[in-house]
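When you line the sequence shown up against mature numbering (1 follows the signal peptide of the UniProt record, and there is no 0), it's residues -27 to -1, 1 to 511, in that order.
Even for Gly, the Cβ is constructed at its ideal location relative to N, Cα and C.
What you are looking at is a predicted structure, and each value in this text was computed from that prediction instead of being measured.
In what follows, a structure is listed as structure tokens, so that the remarks can point back to it.
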Amino acid sequence: MGLIQRKSWELLLSIFALVLFGSSVNGEDPYKFFTWNITYGIIYPLGVPQQGILINGQFPGPPIDSVTNDNIIINVYNNLPEPFLLSWNGIQQRRNSWQDGMPETNCPIPPGRNYTYKFQMKDQIGSYYYFPSMYLHKAAGGFGGIKIVSRPLIPVPFPPPAGDYTVLIGDWYKTNHSILRQTLDSGSILGVPDGVLINGRAPNATSFTVDQGKTYRFRISNVGLASSLNFRIQGHKMKLVEVEGSHTVQNTYDSLDIHLGQSYSVLVTADQPPQDYYMVASTRFSTPILTGISFLRYSNSQKSASGPLPPAPTGIDWSLNQARSIRWNLTASGPRPNPQGSYHYGMINTSRTIILANSAPVINGKQRYAVNSVSYIPSDTPLKLADNLKITGVFVVGSMPDKPTNGGGYLQTAVMGADFRAFVEIVFQNNEDTVQSWHLDGYSFFVLGMDGGQWTQASIKEYNLFDTVSRCTTQVYPQSWTAIRVPLDNVGMWNLRSENWARQYLGQQFYLRVYSPVGSFRDEYSIPNNALKCGRVG
């Protein structure tokens, strides 16, 4: 090799080394580390002592504040006398259902043990929350807010707010969660909750301070067990800007219906005289109406909140029309610099239509809840673990039917099979007289339409195929249907469930197995080295 050739080769090697070194130093996304201790403690959310689940001594638990693509490491120590699991409502866990934290994707953390969750906020923004997923622990607390903000230089379709508040609203029972669980196990129903909490506090016990003339962001999540809630602020308008990871058309509302499991993000400008104002969350479509109250407190307040509480809306039609008004902001960027509207979901043909009908059958003399007549019962080994290790006899793919059977309810460890990269339509058909709320782990989906009566092929004419919002939880009104479409681009075993927690606990859920025959690391991560073992893998 000549001198000039050798020098050129050395220069190329030097450049390659610099590129490689630079990518190893700067190419990986940031890490955020958390250590959480799970304990029981006495809490007083409705003024009476009861056993609650605390995270690092807190109720609700500590927030997770993150940026798009952050790597999240959470070391969870279970100091309860029973197994425990956490799940992440709305966090998509790209290629990584191993970290989903549902009972059929993870073995529970045994008492006195710890488990480290490792996942990434991959290509996500928005407002979400976490919660305990087993043994009706959600009725004792253990939940908290999740915030994912856009990376620097990615444009956000509104000026930076003066502050960013998480508001966790939800109904609450005074009864210990273990007694509630025994009630359900015996075949009885829970009855009406005892109150509504805002950030874990009883009415009149919490406030949010603002400076006059400034605008603030409020991330509102319904973390309750049974009730749709309406949220409003006395004398103030709310500009909706984000729903579960999607920037929205910035409509202004006096109040918002927020159904079980849903998260909304609004901007509120402190443009009123300096005093305190009521912030209200009250139950919808229920008797009696339960109300939670907190305060919007101006920093230069001269007066306590007074006057009547801001009125709640009435009727299903009002809520349905509001839901239809929520649209995608097609000019805004998502977690990446390309416009949200560049995904033309309305121009893609679906490969399959799945119709899911909820019901409330009595099986073996006990109240149960079902989807297409199937009432889910847990397996003895997590489905994801059994699937990975090819353990037979745990579940059968296809045991969850695609269409209503119109038969009596029956018990089954129900799994529906689906193909990786398929684009499917799911219709939720609600033939009952209560509002339903449905969530799909691992995905966001396009809410195409909703209306009263029975869904038919003619209903497709009512679909919004242009700018409907993409989200992970949707409501279905009484005697009504809601249709969604979802690109199945995330391999794994994913929970599709009712967000009414008594219904979920008593069987109104199943698992969607999104399968790729390739078995490539590109499609799905391998089982983690720290995966807990249980059941037949003990």
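What separation, rounded to the nearest whole angstrom, lies between the Cα atoms of residue i and residue j?
i: SER236; j: PRO377; result: 29 Å
i: PHE494; j: ASP392; result: 17 Å
i: TYR484; j: GLN385; result: 11 Å
i: ASN361; j: PRO83; result: 22 Å
i: GLY85; j: GLU55; result: 9 Å
i: CYS507; j: THR78; result: 11 Å
i: SER151; j: GLN248; result: 42 Å
i: GLY136; j: GLY186; result: 12 Å
i: GLN93; j: LEU153; result: 34 Å
i: GLY143; j: THR179; result: 14 Å
i: LEU469; j: PHE32; result: 27 Å
i: PHE(-7); j: ILE11; result: Because PHE(-7) carries a pLDDT of 36, less than 50, the predicted location of this residue cannot be relied on, and no value is offered for it.
i: TRP467; j: VAL420; result: 19 Å
i: VAL449; j: LEU141; result: 22 Å
i: CYS445; j: TRP61; result: 12 Å
i: GLY492; j: THR8; result: 33 Å
i: THR287; j: TYR226; result: 15 Å
i: PHE116; j: GLY338; result: 33 Å
i: ARG297; j: GLY422; result: 8 Å
i: PRO22; j: PRO176; result: 16 Å
i: SER228; j: ASN149; result: 32 Å
Contact criterion: CB-CB distance below 8 Å. Does residue i meet it with respect to chain D?
i: VAL449; result: Of the protein chains in the structure, only one exists, and it is not chain D.
Can residue i and residue j be called in contact, C-beta distance under 8 Å?
i: THR326; j: PHE401; result: no
i: ALA343; j: GLY390; result: no
i: TYR88; j: ASN503; result: yes
i: VAL397; j: SER324; result: yes
i: LEU221; j: ARG300; result: Checking the sequence shown, residue 221 turns out to be Thr, not Leu. Closer than 8 Å, so yes.
i: TYR102; j: SER194; result: yes
i: PHE181; j: LEU269; result: yes
i: ASP414; j: ASP73; result: yes
i: LYS357; j: TRP71; result: yes
i: LEU157; j: LEU163; result: yes
i: GLN66; j: GLN97; result: no
i: PRO351; j: PRO76; result: yes
i: GLY197; j: GLN245; result: no
i: PRO310; j: THR41; result: no
i: ILE26; j: GLY114; result: yes
i: VAL335; j: ARG341; result: yes
i: GLU405; j: PRO374; result: no
i: ASN463; j: VAL442; result: no
Counting along the chain, where does the alpha helix (DSSP H) carrying residue i start and finish?
i: ILE321; result: Per DSSP, ILE321 belongs to no alpha helix (DSSP H) and is neither H nor E.
i: ALA475; result: 474 to 478
i: ARG325; result: Taken as a continuous stretch (DSSP letters only), ARG325 belongs to no alpha helix (DSSP H), being part of the beta strand (DSSP E) at 325 to 332.
i: THR156; result: 150 to 158
i: ILE289; result: 289 to 298
i: ASN224; result: Where ASN224 is concerned, there is no enclosing alpha helix (DSSP H), given that its DSSP letter is neither H nor E.
On the DSSP letters alone, give me the boundaries of the beta strand (DSSP E) that residue i sits inside.
i: ASN195; result: 188 to 195
i: GLN385; result: 383 to 385
i: ASN379; result: Run containing ASN379: none; DSSP gives neither H nor E here.
i: LEU421; result: 418 to 425
i: ALA359; result: That residue, ALA359, is in no beta strand (DSSP E); its alpha helix (DSSP H) goes 356 to 362.
i: GLU1; result: Element bounds for GLU1: n/a, residue is neither H nor E.
i: ARG470; result: 465 to 471
i: ILE262; result: Careful: ILE262 lies outside any beta strand (DSSP E) and carries neither H nor E.
i: THR455; result: 453 to 460
i: ILE45; result: 44 to 51
Would you mind sorting residue i into buried or exposed? The rule is 16 or more other CB atoms within 10 Å of its CB.
i: LYS276; result: exposed
i: HIS412; result: buried
i: GLU215; result: buried
i: PHE6; result: exposed
i: LYS(-21); result: With a pLDDT of 38 at LYS(-21), under the threshold of 50, the modelled position of this residue cannot be trusted; read the value that follows with caution. So LYS(-21) ends up on the exposed side.
i: PHE439; result: exposed
i: VAL(-3); result: Low confidence applies to VAL(-3): its pLDDT is 41, below 50, so where it sits in the model is not reliable enough to give any reading.
i: HIS110; result: buried
i: PRO18; result: buried
i: GLY218; result: buried
Nearest to residue i by CA position, among the options, is which residue?
i: ARG205; options: SER151, HIS110, VAL241 and ASN468; result: VAL241
i: GLN482; options: PRO22, LEU282, ILE15 and SER106; result: SER106
i: GLN427; options: GLY234, PRO261 and LEU329; result: LEU329
i: THR264; options: SER255, ARG270 and SER272; result: SER255
i: ILE321; options: ILE47, ILE336 and VAL459; result: VAL459
i: GLN409; options: ASN44, LEU233 and ASN42; result: LEU233
i: SER489; options: LEU58, ARG68 and ASP184; result: ARG68
i: VAL183; options: GLY34, SER272 and LYS212; result: SER272
i: ASN44; options: CYS80, GLU1, LEU19 and PRO35; result: GLU1
i: residue 512; options: ILE26, VAL165 and PHE191; result: Outside the shown range of the chain (-27 to 511) lies residue 512, about which nothing can therefore be said.
i: SER161; options: ARG509, VAL487, ARG486 and LEU479; result: LEU479
i: GLY118; options: MET252, PRO36 and GLY14; result: PRO36
Below 7 Å, is the gap between the Cβ of residue i and the nearest heavy atom of the ligand COA?
i: MET389; result: Ligands in the displayed structure: none, and consequently the ligand COA is not present.
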